[in-house]
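Student: The following block contains the structure, expressed as structure tokens.
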Amino acid sequence: MKNDVDSKVSNTDHLSLLVEETSEGVQELLPREHTPIEEFYLEEGYVLRVPEEEAVDIDEVDLASVPADETMIINMGPQHPSTHGVLRIMMELDGETILRSKPVIGYLHTGMEKTAEMLTFMQGSTNVTRMDYLSPLNNELVFSLAVESLMDIEIPPRATWIRMLMSELNRISSHVMWMATNGMDLGSTSMMIYGFRERELILGFFEKVTGLRMNHNYIRPGGVAADLPDGWFDDVAAICETMPFRVEEYQELLTGQPIFRERVEGVGVITQQQAMALSATGPILRATGLPWDLRKTMPYLFYDQVDFDVIVGTVGDTYDRYSVRLNEILESVRIVEQILEKMPEGEYKSLDRKVTPPPRARIDESMEALIHHFKLHTEGYRVPAGENYVAIESPRGELGCYIVSSGENRPYRMHVRAPSFVNLQSLPVMLHGGLIADAVAVISSVDPVMGEVDR
Amino acid sequence: MGADPLLLGKISLGVLVLVVVKVVVAFAVLLVTVMLMIWFERKVISDMQNRIGPNRAGPFGLLQSLADGIKLFFKEDLVPDRSDSFVFKLAPYLAMVPAFVTFTIVPIGGYIKVFGYSTELQVADPPMGILLLLAMSSISVYGVMLAGWSSGSKYPLLGSVRASAQMISYEAAMGLSIVAVVLVTGSLSTRDMVLSQQGSFFGVIPHWNILRLGVIPFVIFLIAITAELNRPPFDLVEAEQELVGGFNTEYSSIRFALFYLAEFMNTVTMSAIIVTLFFGGPDGPDPAPLHWLWPILWFVIKTGVFAFIYVWLRAALPRLRYDRLMDLGWKVLIPLSLGWLLVIAGMQISKVAGFSMLAALIVGAGLLYRAMAVGQRSNATNAMSASLKVAPKDALDSRAKFGDTHVVSGKRVVTRISAEGVVSSKSGGDPDGRT
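Top to bottom, those sequences are chains A and B.
Under UniProt numbering, the first sequence has 280 at position 280, and the numbering climbs by one with no breaks.
Under UniProt numbering, the second sequence has 187 at position 187, and the numbering climbs by one with no breaks.
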């Protein structure tokens with residue numbers, strides 16, 4: 001007992017030190033007596049930026065409703081089987097009920113945005129592809145679109161269609177991976193293996209096209225790195241044929257399963273207003289019933305030329321998020337099938353030699369090609385001064401890239417609006433009042449990728 | 001203990017040796033079975049999941065569990081600083097010993113003659129028989145509970161609180177379904193239970209308890225036992241994704257192996273107990289010579305079937321949530337088994353007086369209905385409190401906006417919205433609308 005008292009004292013000392021050091025306060029969830037009322041108000045599950053008449057009066061938050069000595073603060077993570085990486089969630093539990101929770105992040109911070117300022121535009125896509133490692137092609141896509149928007153170059157249609165194809169396939173693989181981990185978190189080990197099996201199918205195709213299974217650096221400013229290989233049509237057609245059957249299997253394994261339904265229905269509910277106030281995007285927002293999908297609402301690439309539906313839920317609980325993702329797999333298959341029909345012949349990258357390197361064979365024949373190749377790979381190309389924000393719909397929500405160029409060959413500043421990062425802040429709202437077993441289901445339903453959160 | 005036959009000299013050395021041999025053989029057989037069970041589980045589950053499973057150690061990977069055991073032996077044995085080290089070290093044995101002891105009452109065959117002594121293929125046949133099972137399963141609760149409590153860490157503590165609640169509540173349902181068996185047998189001895197199940201109805205249908213009692217006590221027993229064993233889908237105690245590993249988080253090395261061993265040993269033992277209670281134990285056709293072998297064979301096959309069912313459940317089902325588990329135990333299983341017990345008791349008496357059976361049936365049905373109604377109402381309350389978290393205004397607004405009228409019936413809808421507006425609304429996560 002004496003030990004406990006000692007450690008408590010040194011702990012608070014340590015904390016006050018942290019407050020001074022960071023000037024932003026501690027990241028950790030503090031015991032009730034040390035928690036400032038504003039933070040408490042947030043952690044209780046209320047949201048800022050709701051209309052005034054709906055906001056809860058700060059004085060009404062009842063701090064004393066739970067005696068401090070009857071609760072337990074518990075760490076979920078950063079080393080925990082179901083936090084999807086190094087997410088750390090501190091939770092105050094009353095028995096098994098979650099009273100407050102707070103995600104603590106930063107364990108995977110590698111300074112990627114800063115790194116981007118050191119890399120040329122040409123090298124940039126190798127950097128961004130490592131952020132959201134479950135949908136690397138979407139990261140490359142948004143970076144390339146942002147760079148191109150500053151540069152005024154023309155992308156050949158085939159390149160755009162290839163980008164769409166890869167992006168949609170990546171969406172399928174990411175959602176399938178989510179199905180796998182979600183199943184695992186709810187205790188269904190078979191779902192885990194099935195999900196990985198389907199992901200393998202798509203990664204196999206990616207490897208064929210890009211040479212790599214992850215971190216492809218395939219979509220680059222100016223087009224894509226290489227043309228689709230021979231036989232790509234049959235491979236993609238096979239994927240399109242397989243996926244609906246596999247989705248059918250998931251339906252049998254999970255959707256119709258009463259235990260699964262009990263675990264996810266009515267769990268982690270977030271209202272449309274709360275989701276919007278917390279800037280949640282992607283399946284979380286769509287599960288609340290708002291058809292906000294950038295592919296439809298602000299079409300990029302050729303998404304306005306393909307026919308697909310936006311899937312929305314009604315209640316905004318974990319089950320709706322599950323359903324939205326499951327149906328989105330089928331929608332993506334639909335899009336991919338249309339892309340197969342519409343894929344034109346032509347160049348796969350811009351022929352502007354100031355941006356994309358010449359074919360390797362030309363270097364042996366042409367002095368100019370050699371110079372272009374050398375200049376591009378040493379100095380890179382210069383992007384006119386300016387700034388722009390481009391957003392696309394990644395599997396997790398709105399993935400944005402904000403680039404400021406000062407006219408140099410590297411960005412002055414690059415910021416990525418990572419959907420996982422923004423979605424994470426809706427977690428305390430969804431966890432509030434649930435059980436610890438629900439926490440697992442809810443964290444999983446947010447689908448955070450920590451590489452993207454911490455960057 | 002003046003009446004102890006051993007001390008009175010009425011038992012010869014031969015009997016004593018026989019008992020010792022039986023104990024040693026049972027111990028060895030059980031250990032080997034557990035080894036095979038672990039291998040069996042891993043192999044079957046890999047097959048169900050498109051994997052290969054263990055295939056390195058020994059033929060077909062048969063020696064994998066042995067290799068794992070040896071590996072664990074040489075791992076560092078950690079005892080956490082904040083643990084209660086005596087209890088911490090004691091707990092694994094409290095979990096494992098009952099698993100061994102329970103197996104002693106399982107009859108695995110008929111009678112055989114050894115050294116001129118006739119003996120039943122069963123380590124012991126105590127007159128209180130099946131009560132030993134209840135006693136032992138109560139003790140094994142202590143193993144899990146103390147392990148979690150003594151670890152001095154939060155996740156194991158949560159695990160052990162879950163464990164004690166879960167195991168104690170399901171023991172009630174389990175005990176009640178055993179009472180049904182005891183009622184028709186008229187004895188607590190497992191040997192008597194097996195003997196009373198021999199023979200058949202009309203010469204075709206086996207005279208097993210599963211049919212004699214109606215299927216319900218068996219189903220209750222199977223569910224209760226699965227919860228008692230902490231096997232999926234009731235493995236909340238060690239729920240890896242929630243509690244990291246539950247009560248055994250802090251255990252390492254051979255102590256961890258003991259828990260693992262106990263879990264699988266319990267699986268085997270309980271499969272055997274189910275066979276004994278409801279499927280006639282070693283009962284079965286006896287066509288060829290080697291009359292002593294057939295019962296054993298039947299017993300092994302039946303036990304294997306249940307071992308397979310456990311593995312199957314693990315591959316197919318997600319984990320229940322804690323409160324749902326408690327609901328299932330207290331609001332469904334216990335009322336149901338109580339009601340069914342009344343019916344069976346009525347039937348027993350009805351051999352003498354036909355009216356009592358009718359009365360018992362009516363009372364039983366009434367009770368059952370009442371219990372179900374109570375359970376339903378509380379479920380409804382839960383559902384209501386869950387839906388209260390949704391701001392109804394928002395939901396209605398969005399529905400009005402996107403023309404989603406299906407929700408009025410309270411059914412969930414996933415809506416597809418294309419450029420022209422709502423294309424189709426389908427229920428659940430099911431694209432074909434067959435939920």
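Think of the CB as a built atom: it goes at the ideal place given N, C-alpha and C, for glycine as much as any other residue.
Can you tell me which of B/A224, B/A147, B/V34, B/A67 puts its alpha carbon nearest to the alpha carbon of B/V87?
Tutor: B/A147
Student: Is there at least one Cβ from chain A nearer than 9 angstroms to B/V407's Cβ?
Tutor: Any reading at B/V407 must be qualified, since the residue scores a pLDDT of 33, below 50, and its modelled position is unreliable; the value itself is stated next. Interface residue, yes.
Student: B/D323 touches chain A at which residues, Cβ-Cβ below 8 angstroms?
Tutor: L435
Student: Express the C-alpha separation of B/Y111 and B/V15 in angstroms, rounding to a whole number.
Tutor: 15 angstroms
Student: With distances taken from CA atoms, which of B/P59, B/P98, B/Y117 is nearest B/I11?
Tutor: B/Y117
Student: Rounded to the nearest angstrom, how far is the Cβ of A/R158 from that of A/E345, given a contact under 8 angstroms?
Tutor: Contact between A/R158 and A/E345 holds, with the beta-carbon distance rounding to 7 angstroms and staying under 8 angstroms.
Student: Do you know whose CA, among B/A135, B/S252, B/L290, lies nearest B/K71's CA?
Tutor: B/S252
Student: Look up residue 461 of chain A in the DSSP assignment and say whether it is helix, strand or coil.
Tutor: Nothing in the structure corresponds to residue 461 of chain A, since chain A is present only between 1 and 455.
Student: In this structure, what does DSSP give as the bridge partners for A/H415?
Tutor: A/Y402
Student: Kindly indicate if chain A contains any beta-carbon less than 9 angstroms away from that of B/Q49.
Tutor: yes
Student: Are the segment 212-224 of chain B and the segment 337-351 of chain B in contact at 8 angstroms, needing three or more beta carbon pairs?
Tutor: yes
Student: When the distance is taken between beta carbons, is A/A280 closer than 9 angstroms to A/N182?
Tutor: no
Student: How should A/K354 be labelled, buried or exposed, when 16 other C-beta atoms within 10 angstroms of its C-beta is the threshold for buried?
Tutor: exposed
Student: Within a Cβ cutoff of 7 angstroms, which residues of the same chain sit near B/G69, ignoring the five residues on either side of it in sequence?
Tutor: A257
Student: Relative to the C-alpha of B/V213, which candidate in B/Y322, B/V21, B/G346 has its C-alpha closest?
Tutor: For the sequence presented, residue 213 of chain B should be read as Leu rather than Val. For B/L213, the nearest C-alpha among the options comes from B/G346.
Student: Could you list which residues in chain B have their beta carbon closer than 7 angstroms to that of A/R263, in chain order?
Tutor: P318, R321
Student: Whose C-alpha, out of A/D438, A/P221, A/E249, is nearest the C-alpha of A/E140?
Tutor: Residue A/P221 is the option with its Cα nearest to A/E140.
Student: If you draw a straight line from the C-alpha of A/I443 to the C-alpha of A/F205, how long is it?
Tutor: 30 angstroms
Student: Do we get a CB-CB distance below 9 angstroms when we pair B/R370 with the residues of chain A?
Tutor: no
Student: Is the Cβ-Cβ distance between B/I168 and B/I225 less than 9 angstroms?
Tutor: no
Student: Under 9 angstroms, Cβ to Cβ, is there at least one residue of chain A near B/R231?
Tutor: no
Student: Quick one, are the C-beta atoms of B/P318 and A/Q257 less than 9 angstroms apart?
Tutor: yes
Student: Taking the Cβ atom as the reference point for each residue, do A/I436 and B/L158 lie within a distance shorter than 9 angstroms?
Tutor: yes
Student: Any contact of the segment 225-232 of chain A with the segment 291-305 of chain B, i.e. 3+ C-beta pairs under 8 angstroms?
Tutor: no
Student: Could you please give the first and the last residue of the uninterrupted beta strand (DSSP E) stretch that includes B/V114?
Tutor: 111-114
Student: Taking the alpha-carbon positions, what's the A/P359 to A/S144 distance?
Tutor: 20 angstroms
Student: Roughly how far, in whole angstroms, is the beta-carbon of A/M72 from the beta-carbon of B/K331, given that I think they are within contact range, below 8 angstroms?
Tutor: Wrong, their Cβ atoms sit about 28 angstroms apart, outside the cutoff.
Student: Write down the C-beta distance between A/Y218 and A/M151 rounded to the nearest angstrom, noting that I regard them as a contact closer than 8 angstroms.
Tutor: At roughly 19 angstroms, the Cβ-Cβ gap does not stay under 8 angstroms, so A/Y218 and A/M151 are not in contact.
Student: Can you pull the chain B residues whose beta carbon is under 8 angstroms from the beta carbon of A/M72, in chain order?
Tutor: K154
Student: Tell me which same chain residues have a C-beta within less than 6 angstroms of the C-beta of B/K389, skipping the five on either side of it?
Tutor: Unreliable positioning characterises B/K389 in this predicted model, as indicated by a pLDDT of 39, which lies under 50. The coordinate reading is nonetheless provided below. Once the five neighbours on either side are set aside, B/K389 has no close Cβ partner at all.
Student: Touching or not, the segment 370-379 of chain A and the segment 81-92 of chain A, by the rule of three or more beta carbon pairs under 8 angstroms?
Tutor: For the pair of segments examined, the segment 370-379 of chain A was found not to touch the segment 81-92 of chain A: the number of CB pairs separated by less than 8 angstroms stays below three.
Student: Output the distance between the C-alpha atoms of A/S125 and B/L261, rounded to the nearest integer angstrom.
Tutor: 51 angstroms
Student: Excluding five sequence neighbours on each side, which residues of the same chain lie with their C-beta closer than 6 angstroms to the C-beta of B/L368?
Tutor: G339
Student: Give the straight-line distance between the Cα atoms of A/C401 and A/V416, rounded to the nearest whole angstrom.
Tutor: 5 angstroms
Student: From B/S150 to A/R171, what does the alpha carbon distance come to, in whole angstroms?
Tutor: 46 angstroms
Student: Less than 9 angstroms separating the beta-carbons of A/A287 and A/V324?
Tutor: yes
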